[in-house]
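Here the structure comes first, spelled out in structure tokens, and everything after it is commentary.
Numbering (the working numbering), first residue to last: 166 to 338.
Written as structure tokens, this is what we have:
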């Protein structure tokens with residue numbers, strides 16, 4: 166117990182009663198860049214239709230929009246510069262990566278596929294929020310890499326080969 170005197174007052178302080186801040190930081194994505202160009206408008210959540218970047222849960226991009234960048238923040242205001250972020254892009258990152266609050270993370274030349282960007286936030290005392298911000302990202306492959314196109318080309322190739330064989334044997338008879 167510590168006592169401090171001041172003009173007209175006395176203050177008691179108990180150092181053993183100091184505890185970590187239990188307010189959990191809220192993980193947020195506050196900026197999205199597509200091919201290194203900041204996107205302010207035009208993005209909308211495919212699940213809810215929401216256009217607020219912080220509320221978007223699912224986005225789909227064409228194969229030419231394959232470089233994505235995200236600004237990640239941990240919202241908790243006791244000492245914001247000391248907040249931390251952990252993130253992982255499922256199917257691209259092998260493990261969780263820790264960065265400073267407000268960092269810009271970039272994923273160049275993302276292949277076609279289904280991804281989940283998981284963002285975890287910690288307050289200034291290092292207490293992590295166990296509930297991540299989950300952004301589902303779908304990268305659409307170019308048409309010539311889709312199953313439909315490959316099957317169509319197989320049928321076309323087989324048809325041409327069959328026609329050549331037909332012409333060959335029809336001239337023999």
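We put the beta carbon where it would ideally sit given N, CA and C, even for glycine.
*Shortest alpha-carbon distance to residue 238 belongs to which of 229, 228, 265, 231?*
Out of 229, 228, 265, 231, 265 has the C-alpha closest to the C-alpha of residue 238.
*Mind pulling the beta strand (DSSP E) runs of 3 or more residues that sit fully within the segment 264-296?*
For the segment 264-296, the full-length beta strand (DSSP E) segments reaching 3 residues or more read 269-272, 278-287 along the chain.
*Just how far apart, CA to CA, sit residue 196 and residue 259?*
Rounded to whole angstroms, residue 196 to residue 259 spans 24 Å at the Cα level.
_Boundaries (first-last residue) of the beta strand (DSSP E) holding residue 301_ = Boundaries of the beta strand (DSSP E) around residue 301: 298-304.
_Quick check on the DSSP output: what are the complete beta strand (DSSP E) runs of length 3 or more inside the segment 222-257, in order along the chain?_
As far as the segment 222-257 is concerned, its whole beta strand (DSSP E) runs of at least 3 residues are 223-226, 233-240, 249-255.
*State yes or no: is the C-beta of residue 248 within less than 7 Å of the C-beta of residue 190?*
A contact, by the Cβ cut-off of 7 Å.
*asked:* Going by DSSP, what residue range makes up the beta strand (DSSP E) through residue 192?
replied: Secondary structure note for residue 192: its beta strand (DSSP E) is the uninterrupted segment 191-199.
_If the criterion is Cβ atoms closer than 7 Å, does the pair residue 302 and residue 280 meet it?_
Cβ distance < 7 Å, so residue 302 and residue 280 count as in contact.
*asked:* I need the DSSP call for residue 206, collapsed to helix, strand or coil.
replied: Residue state, collapsed to three classes: coil.
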